[in-house]
Structures are given as C-alpha cells and as structure tokens.
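The numbering used here numbers the first residue of the sequence shown as 515 and each following residue consecutively. Beta carbons: idealized from backbone N, C-alpha and C, even for Gly. Keep in mind it's a predicted model, so treat the numbers as computed, not measured. These notes concern the structure reproduced below.
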Amino acid sequence: PTPGDAAARGHGGEDLDLAASVPTWQDSERVVAFRRVTRCHVPGRYAGSVAVLVPEQRPSPRRDLWWPLVADHVDVYTVPGAYLTSITEHGPQVAKRLRACLAGRPRAAPAS
Numbered sequence: 515p516t517p518g519d520a521a522a523r524g525h526g527g528e529d530l531d532l533a534a535s536v537p538t539w540q541d542s543e544r545v546v547a548f549r550r551v552t553r554c555h556v557p558g559r560y561a562g563s564v565a566v567l568v569p570e571q572r573p574s575p576r577r578d579l580w581w582p583l584v585a586d587h588v589d590v591y592t593v594p595g596a597y598l599t600s601i602t603e604h605g606p607q608v609a610k611r612l613r614a615c616l617a618g619r620p621r622a623a624p625a626s
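Following this line, the structure appears as structure tokens:
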C-alpha cells in the first residue's frame with residue numbers, strides 16, 4: 515500500500531476518509547435555505563403586546579433599538595444568566611417569568 519491508502523494509515527483510516535467526505539453543517543441545504551429566508555424576510559408589526567426576556571449578562575446594551583419596530587407596546591423583562599445559561603442554568607426562573615407574561619396578556623386581534 516502507498517502512504518495515502520487507508521490500509522497504510524492503520525485501523526480507523528476508513529472512518530477518517532468517510533468523515534472527511536461528510537459536508538459541514540454550513541454546507542447543509544437546510545442551512546443555506548434558512549440563511550436565504552432570513553436575509554429576505556421583513557416581518558410586519560405585531561398588533562398585540564410583546565414581551566422580551568433579556569438575559570442580565572447581555573453582550574450589547576443597544577439591543578433595544580429594534581423593539582419599537584416590532585409593536586407599539588413592548589414589555590422588557592430581565593432574566594438571570596447569559597444568552598445560553600439563562601435557559602440551561604436558570605430555566606425555572608425564566609419559565610416562571612414566561613408563564614406570568616402569558617397569563618397576563620390577552621391574545622392580540624389578527625392584523626388586518
């Protein structure tokens with residue numbers, strides 16, 4: 515066998531060859547389609563109230579600039595943790611806040 519052959523590389527060489535041929539997630543057809551949709555989609559304003567749950571350890575203090583574009587009434591609630599830890603470590607607190615938000619707001623009338 516030549517040095518490039520899987521047999522010459524020893525046990526597991528076939529697995530490495532197979533792994534090298536698998537496309538990365540960035541190449542996935544679904545990922546490409548999702549990126550295309552999110553670049554082109556421009557949502558309209560929501561007719562009801564919006565509740566935004568913001569992690570206390572958020573990276574950008576200017577993230578609130580888009581909220582007035584979404585709805586006339588936006589309630590902002592700070593939840594413990596960072597982007598991921600707010601749900602991985604502080605899930606019960608976030609769930610409690612979310613339940614309170616859902617219980618306190620009637621559903622919006624459909625936009626016409």
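Cβ neighbours of residue i in the same chain (closer than 8 Å, five flanking residues each side left out)
i	result
Asp589	Ser563, Val564, Ala565, Val566 and Cys615
Distance CB(residue i)-CB(residue j) smaller than 8 Å
i	j	result
Val584	Tyr560	yes
Reduced DSSP secondary structure (H/G/I, E/B, other) of residue i
i	result
Val556	coil
Ala565	strand
Ala622	Because the pLDDT at Ala622 is just 49, under 50, the model does not fix this residue reliably, and the value given afterwards should be weighed accordingly. In this structure, Ala622 counts as coil in the three-state DSSP scheme.
Asp589	strand
Glu603	coil
Neighbourhood of residue i by C-beta, 7 Å cutoff - its chain only, sequence neighbours within 5 removed
i	result
Arg553	none
His604	Val593, Pro594 and Gly595
Close-in-space but distant-in-sequence residues of the same chain around residue i (CB under 6 Å, 5 per side omitted)
i	result
Ser600	Pro569, Val593 and Val608
Does the pairing of the segment 590-602 with the segment 557-572 give three or more beta-carbon distances under 8 Å? The segment 590-602 makes contact with the segment 557-572, as at least three CB pairs between them are under 8 Å.
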